[in-house]
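In this text, residue positions in the sequence shown follow the UniProt record's numbering: the first is 1, and each later residue adds one.
Backbone N, C-alpha and C fix where the C-beta goes; we use that ideal spot for every residue, glycine too.
Report on the structure given below.
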Amino acid sequence: MTAALVCENLVKRYGDRTVVDDVGFRIEAGEAYGLLGPNGAGKSTTISMLVGLLPPDAGTVTVGGLDMATDPRAAKQLIGFVPQDIALYPELTARENLTFFGRLYGLPRRELGTRVEEVLDLVGLVDRGNDKVATYSGGMKRRTNIAAALLHRPQLLVLDEPTVGVDPQSRTAILDGVEALVADGMSLLYVSHYMEEVERVCTRVGIIDHGKIMADGSKRELVAELGGSDKVELVIDGDVTATVEKLSALEGVESAVAAGSQTVRLVATGSRHLLPQIIAAASSCAAVTGVEVVEPDLEAAFLHLTGNTLRD
């Protein structure tokens with residue numbers, strides 16, 4: 001099957017500053033792909049080029065096999081784009097907004113009314129469809145935005161930070177709806193800095209930082225970038241310095257440091273199998289009163305690859 005999206009060697013510069021630097025990834029038909037990165041990493045600029053809002057200085061974008069540069073109208077018709085900022089007319093009702101956008105998409109008049117009701121039902125807003133968008137909560141506005149993007153039955157849905165500023169109930173409703181769309185076979189590009197959302201919704205993830213794709217793969221593949229290292233924390237009653245020295249000498253322990261007068265933190269490969277040796281070595285210097293093992297997750301992979309916490 002033709003890939004839903006292929007971008008290659010994308011570059012965008014503003015003066016002497018390169019904000020997107022040789023970015024490339026691929027989304028297969030029916031695949032949910034997450035683009036994860038800290039604020040200022042180049043996510044929004046990349047998305048603007050992918051959906052045809054911003055021309056790249058170099059590189060190519062194809063959507064469903066159509067080149068965004070040479071056939072932009074047809075390529076854009078395959079995309080449903082939900083921007084980070086609400087793109088609705090607040091003084092119109094949800095039905096009026098959707099009818100307007102449906103006409104822009106070129107939906108036949110005989111089909112438009114039915115389709116508006118279908119997408120309102122999909123996002124759970126049929127009962128509020130005749131209320132002005134200005135009266136909606138932030139979560140309801142975002143759900144209406146998603147409904148607008150789905151009107152023309154796109155092949156690829158692009159969501160740019162879809163849960164920013166919404167209440168927990170709306171966030172859950174949005175994520176449930178996105179999962180249902182993916183289960184029905186829709187291709188998805190989910191852009192966020194909320195790792196738990198990307199981990200829940202997407203089967204493959206690209207991590208972007210400083211305008212570059214740092215890694216691309218499944219969660220398992222990204223975590224493997226850490227080399228299988230786990231974090232282990234020991235609470236002890238005894239000589240912390242001697243315990244650190246003893247643990248540092250163990251094969252498989254990458255580092256061991258004191259974290260207070262009664263705590264030792266270490267990084268180890270395959271700590272579940274190494275744990276008996278760790279406890280035995282520590283017990284030769286002190287009494288071990290507590291043990292916690294944290295195995296690598298997507299957040300650990302993110303921090304390992306970017307060297308940053310999520311930043312402004």
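Can you tell me whether residue i is buried or exposed, with buried defined as 16 or more other CB within 10 angstroms of its CB?
i: T289; result: exposed
i: P276; result: exposed
i: T243; result: buried
i: V182; result: buried
i: Y33; result: buried
i: I209; result: Before going on, a small fix: residue 209 reads as Asp here, not Ile. By the neighbour-count rule (16 or more Cβ atoms within 10 Å), D209 is buried.
i: Y14; result: exposed
i: L107; result: buried
i: A287; result: exposed
i: G165; result: exposed
i: A150; result: First, the amino acid is wrong: residue 150 is Leu here, not Ala. Counting Cβ neighbours within 10 Å, L150 comes out buried, since at least 16 surround it.
i: P55; result: exposed
i: R204; result: buried
i: R142; result: buried
Taking DSSP as the reference, what is the three-state secondary structure of residue i?
i: E299; result: helix
i: I27; result: strand
i: G139; result: helix
i: N130; result: coil
i: T2; result: coil
i: E117; result: helix
i: N9; result: strand
i: G290; result: strand
i: E47; result: Contrary to the premise, residue 47 reads as Ile rather than Glu in this sequence. The answer is helix: DSSP assigns I47 an H, G or I state.
i: A99; result: The sequence shown places Thr at residue 99, rather than the Ala named in the question. Note: T99 maps to helix in three-state DSSP.
i: E245; result: helix
i: T70; result: coil
i: A32; result: strand
i: V123; result: coil
i: A58; result: strand
i: L112; result: helix
i: L234; result: strand
Compare the C-alpha of residue i against each of the options and name the closest.
i: D237; options: Q262, K231, K219 and A258; result: Q262
i: G177; options: D131, D209, L125 and V235; result: L125
i: S255; options: G65, E233, T2 and I207; result: E233
i: E196; options: T269, K43, T70 and T172; result: T172
i: residue 372; options: G113, P296 and V267; result: Residue 372 cannot be examined here, being either before or after the span of the chain that is shown, 1 to 312.
i: L157; options: G185, D239 and T60; result: G185
i: L189; options: V23, L50, L159 and V235; result: L159
i: M68; options: G37, V191, R109 and L10; result: L10
i: G37; options: A215, A249 and G80; result: A215
i: E299; options: F25, E245, V291 and K219; result: K219
i: V240; options: I79, S284 and L112; result: S284
i: G59; options: L35, V23 and T70; result: V23
i: I79; options: Q155, E199, S170 and V119; result: Q155
Between residue i and the rest of its own chain, which residues show a CB-CB distance below 7 Å, the 5 nearest in sequence each way excluded?
i: V116; result: R95, L98, T99 and G102
i: N145; result: V82, I86, A87 and L88
i: A29; result: M1, T2, A3, A4 and S187
i: L247; result: V253, A256, V264, L266, I278, A281 and A282
i: A74; result: L66
Might you give, ordered along the chain, the residues of its own chain that have their beta carbon closer than 8 Å to the beta carbon of residue i, omitting 5 neighbours on each side?
i: K132; result: P90, E91, L92 and T93
i: D230; result: V267, A268, T269, G270, S271, R272, V293, V294, E295 and P296
i: V19; result: K12, R13, G42, T45 and G211
i: V223; result: P296, D297, L298, A300 and A301
i: R17; result: none
i: G139; result: V166, D167, Q169, S170, R171, A173 and I174
Closer than 6 Å by C-beta to residue i: which residues in its own chain qualify, once you throw out the five before and the five after it? Chain order, please.
i: P168; result: none
i: R265; result: E233, V257 and A259
i: H152; result: Y105
Start-end ranges of the beta strand (DSSP E) lying completely within the region 248 to 284, minimum 3 residues:
253 to 258 and 263 to 269
Extract the residue ranges of the beta strand (DSSP E) inside the region 142 to 226, only unbroken runs of 3 or more that lie entirely within it.
156 to 160, 187 to 192, 204 to 209 and 212 to 217
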